[in-house]
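For reference, the structure is listed below as structure tokens.
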Amino acid sequence: MSAIFEAIRDNNTALVINLLENDKTLLNTQDERGSTPLLLASYYGFNDIVSTLLKYDPDVNATDKMGNTALMGVSFKGYVEIANQLIKNGANVNHKNVTNATALIYAVRFNQRQLVKILLNHEADIAIKDNDGKSAIDYAIELGYDLKTLISSQSAS
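Residues 32 to 188 (my numbering) make up the sequence shown, in order.
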């Protein structure tokens, strides 16, 4: 396992910086699951490490072996601050993984309402359907979301 992934799992920002200063190619390296340092730090919710990595200009839309991006991971985990950072740095809110799921579909399915609002405010498409033929709206109906709020958020953006 690469030292940068160990440093991230240990939430060791100083070591991450040191490793990147010595070898910038580590920034977009992938582990056995296909995760990049940014994907892993985002998934764990390590704000400081995510902020640090973003200063080095990583590929914010890099995907793991399942086609998931960092934004998708934080969308089901509920990490609002990291989601905002990723979007500010160019994360694609409508990226689809291998099951055609999007960050919005994950945010709805995992009841991350703040993330739903953020994604809708950044033009996430409510009509994209996953491999089960369901859109974010379909999942929202199943979970009892206030659809007027969902749709008005989409039209306001």
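All C-beta atoms, glycine included, are put in the ideal place defined by N, C-alpha and C.
Keep in mind that this is a model prediction, so the values were computed, not measured.
Collapsed DSSP secondary structure at residue i in the structure displayed
i      : result
Lys108 : helix
Lys96  : coil
Lys148 : helix
Lys127 : coil
Asp90  : coil
Asn120 : coil
Glu154 : coil
Thr60  : coil
Tyr176 : coil
Ala132 : coil
Thr44  : helix
Asp79  : helix
Ser73  : helix
Phe141 : coil
Among the options, nearest to residue i - alpha-carbon criterion
i      : options                           : result
Gln116 : Asp79, Met97 and Lys127           : Asp79
Val111 : Tyr75, Glu37 and Arg64            : Tyr75
Leu50  : Arg64, Asp62 and Pro68            : Pro68
Ser106 : Val147, Gly121, Asn92 and Gly98   : Val147
Ala150 : Asn123, Phe36, Gly175 and Ala171  : In the sequence as displayed, the identity of residue 150 is Leu instead of Ala. The candidate whose alpha carbon is nearest that of Leu150 is Asn123.
Gln143 : Lys165, Met103, Gly121 and Ile118 : Met103
Asn152 : Ile35, Ala114 and Ala34           : Ala114
Phe141 : Asp163, Phe36 and Tyr176          : Tyr176
Residues sharing a beta bridge with residue i, DSSP
i      : result
Lys160 : Ser166
Supposed contact pair residue j and residue i - C-beta distance, whole angstroms, cut 8 angstroms
i      : j      : result
Asn125 : Ala155 : 6 angstroms
Lys108 : Ile159 : Incorrect: roughly 20 angstroms between the Cβ atoms, too far for contact.
Cut-off 8 angstroms between Cβ atoms - residues of its own chain near residue i, not counting five sequence neighbours on either side
i      : result
Ile39  : Val47, Pro68, Leu71, Ala72, Tyr75, Phe77 and Ile80
Tyr87  : Leu51, Lys55 and Leu58
Gly23  : Nothing in the structure corresponds to residue 23, since the chain is present only between 32 and 188.
Ser33  : Leu57, Thr60 and Asp62
Lys119 : none
Cut-off 7 angstroms between Cβ atoms - residues of its own chain near residue i, not counting five sequence neighbours on either side
i      : result
Thr83  : Thr44, Val47 and Ile48
Ser66  : Asp95
Asp161 : Thr130, Asn131, Ala132 and Ile136
Arg64  : Asp95 and Lys96
Gln61  : Thr67
Ser166 : Ile157, Ala158, Ile159 and Lys160
Sequence-distant residues of its chain with Cβ nearer than 6 angstroms to residue i (five each side left out)
i      : result
Asp90  : Asn59
Ile168 : Ile157
Gly98  : Asn128 and Val129
Asn42  : Phe77
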